[in-house]
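Everything below concerns the one structure shown next.
Protein chains: 2
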Amino acid sequence: MTYYDKNALKLSHEYLKKHINNDDICVDATMGRGRDTLLLCNLAREVYAFDIQEEALSSTKRLLEENGITNAHLILDSHHNLKSYVKSAKCVVFNLGFLPGGDHSIFSHSDTSIKAIEAALDIIPPDGFVSICSYYGGDTGFEERDNLLAFLAGLDSKKYTVMLHSFYNRPNCPPLFIVIEKNH
Amino acid sequence: MTYYDKNALKLSHEYLKKHINNDDICVDATMGRGRDTLLLCNLAREVYAFDIQEEALSSTKRLLEENGITNAHLILDSHHNLKSYVKSAKCVVFNLGFLPGGDHSIFSHSDTSIKAIEAALDIIPPDGFVSICSYYGGDTGFEERDNLLAFLAGLDSKKYTVMLHSFYNRPNCPPLFIVIEKNH
């Protein structure tokens, strides 16, 4: 394991592969093009994936069908409503900020993101976790990151362990990989 | 691997165990009580350990003898002179800031620490690394940390990958674990 050929997304995938078992229920809170949904479906028993854009659901549905995946529930709703659909999950996975390679004017917003993370923390068991890749930069991306970091710094360390991984000398706002573990 | 029962020192030891082979030469730049020297001696072929305090050398010598260790060179000199003693090493290990559990008025100073890290980067090969646990806080510790972080952020990302691990929601200045890898 060296960090040279890694980035936040690759670190998150390594973490997911190490920590998810094939009898777990998992949540992809930010479906997007469905790549993390696909990974989670291959690792877990059942996956709930959320997006507010119809287009995300249709392209994810196609990707899953192409890969013979049948254990996903694709839900057209905001991730901050996830508790209406899932009562308990080993983990909840977020990609926050702009869509990598996509339209940088479409951002997630920290107020709903933070509500969704709070909901996620409610449904994970001890030893469960929330994984976050934070893409920032652009016009409004620093504000989201700073709000997110302030929220994370304030989480009770008796209940949660927040680990922040930062590619500290990379230029152009390198994404952060953050894990929130619920202490056992 | 969960982070709940970890800290910067434990993360650094996990990293060292994964990345050091028994034919490597390693450097402990901050000998202190010799615990990292002992770990490195058990992992590597040969270890060069530095401290400017006679007391560090005598207590480390005792610890190594108790453990039947014979592959260490204990050197009474500042770590920023390490190139006078070692021409090439797989890794150089630092514990910077106050001595954990020790006298918080004795700090390493960022000017000599940064010179020593620069010397360390000169003697490691591609795929070699520098490991740093940064203990900060107290009267002068934030200044050292901030100088160190500014230096790290400025390292050329084409030559080096700097990964910062931060226990982001822990109180009381939780130590940082930083790895600088020389890109291959």
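Sequence lines, in order, name chains A and B. Note that the first sequence covers residues 1 to 184 in the numbering used here. Note that the second sequence covers residues 1001 to 1184 in the numbering used here. A virtual CB, placed ideally from N, CA and C, is assigned to each residue, including glycine.
Less than 8 Å between the CB atoms is what I'm expecting for residue i and residue j, so what's the real figure, rounded?
i, j, result
"S1134(B)", "I1178(B)", "6 Å"
"N1095(B)", "T1030(B)", "5 Å"
"V130(A)", "A120(A)", "5 Å"
"H109(A)", "E144(A)", "7 Å"
"I1025(B)", "S1088(B)", "7 Å"
"V1092(B)", "I1052(B)", "Going by Cβ atoms, the distance from V1092(B) to I1052(B) rounds to 16 Å, so no, they are not a contact pair."
"L1016(B)", "L1043(B)", "6 Å"
"L152(A)", "N1169(B)", "6 Å"
"V27(A)", "Y48(A)", "5 Å"
"T60(A)", "G34(A)", "3 Å"
"L1057(B)", "L1074(B)", "5 Å"
"K1182(B)", "G1128(B)", "5 Å"
"G97(A)", "G141(A)", "5 Å"
"D1077(B)", "R1045(B)", "With a Cβ gap of about 22 Å, D1077(B) and R1045(B) do not count as contacting."
"M1163(B)", "F50(A)", "The Cβ separation is near 30 Å, so there is no contact."
"I1114(B)", "N1147(B)", "7 Å"
With 9 Å as the threshold, decide whether the Cβ of residue i is near any Cβ in chain B.
i, result
"Y168(A)", "yes"
"Y160(A)", "yes"
"L149(A)", "yes"
Quick one: is residue i near chain A, going by C-beta distance under 9 Å?
i, result
"Y1004(B)", "yes"
"S1157(B)", "yes"
"D1024(B)", "no"
"G1138(B)", "no"
"D1146(B)", "no"
"L1009(B)", "no"
"L1016(B)", "no"
By DSSP's criteria, residue i is part of a beta bridge. Which residues make up the other side?
i, result
"E181(A)", "F129(A) and T161(A)"
"L16(A)", "Answer by DSSP bridge pairing: none, since L16(A) is not bridged."
"A1029(B)", "According to DSSP, which records beta bridges pairwise, A1029(B) is partnered with nothing at all."
"E46(A)", "I25(A)"
"D51(A)", "L76(A)"
"L1176(B)", "S1134(B)"
"F1142(B)", "In the DSSP output, where bridge partners are listed per residue, F1142(B) has none listed."
"S166(A)", "L1164(B)"
In the DSSP assignment, find the alpha helix (DSSP H) that holds residue i and state where it starts and stops.
i, result
"I117(A)", "S110 to I123"
"L74(A)", "Counting along the chain, L74(A) falls outside any alpha helix (DSSP H), though it belongs to the beta strand (DSSP E) covering A72 to L76."
"C41(A)", "R35 to L43"
For residue i, return the contacting residues in chain A, with the cut-off set at a CB-CB distance below 7 Å.
i, result
"D1122(B)", "Going along chain A, no residue has its Cβ under 7 Å from D1122(B), so there is no contact; the nearest lies around 17 Å."
"H1165(B)", "M163 and H165"
Would you give the residue range spanned by the beta strand (DSSP E) that residue i belongs to?
i, result
"N1095(B)", "C1091 to L1096"
"L1155(B)", "Note, L1155(B): premise wrong, no beta strand (DSSP E); not H, not E."
Chain B partners of residue i, CB-CB under 7 Å?
i, result
"H184(A)", "Y1004"
"A153(A)", "Y1168 and N1169"
Along chain B, which residues have their Cβ under 9 Å away from the Cβ of residue i?
i, result
"V27(A)", "In chain order: nothing, as chain B lies at least about 19 Å away."
Against residue i, what residues of chain A qualify as contacts under a CB-to-CB distance less than 8 Å, listed in chain order?
i, result
"V1179(B)", "Y3"
"D1127(B)", "T2"
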